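In terms of UniProt numbering, the sequence shown opens at residue 1 and continues consecutively.
Glycine included, each C-beta is placed from N, C-alpha and C at the ideal position.
Please read these numbers as outputs of a predicted model, since none were measured by experiment.
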Amino acid sequence: MNMEEVKETIKKENLSNYSLFNQDNPKENELGIAKDNNSWKVYARNERATEEGVHFFDNENDALDSFVKRLRANKTLDDLKR
1 MNMEEVKETI KKENLSNYSL FNQDNPKENE LGIAKDNNSW KVYARNERAT EEGVHFFDNE
61 NDALDSFVKR LRANKTLDDL KR
């Protein structure tokens, strides 16, 4: 998956609470993806906006795939809470 496909999927599936390569303004309970030196990381932020559940990847495509899967899982959980 590439960045354009990720953006299209997010819009099409109405996914929310995420940060795409932007760590300047961390928010609580969001899922993020960021470049970290020579790797990519996908992480969740807790209620204190602290990173947890961090996974590192050697390439951007694998990181983006994981990011979208986790966004979809979060949406499923949010839908079940309603």
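Taking a 10 Å sphere around the C-beta of Val6, we find 16 or more other C-beta atoms and assign the residue as buried. For Phe67, same chain residues with a beta-carbon under 6 Å away, outside a window of 5 residues either side, are Ile33 and Val42 in chain order. Looking at the DSSP output, Gly32 sits in a beta bridge with Ser19 and Tyr43. Scanning Glu28, Arg82, Asp79 and Ser39 for the CA closest to the CA of His55 turns up Ser39. Ranked by Cα distance from Pro26, the first of Leu15, Glu13, Glu47 and Lys12 is Glu47.
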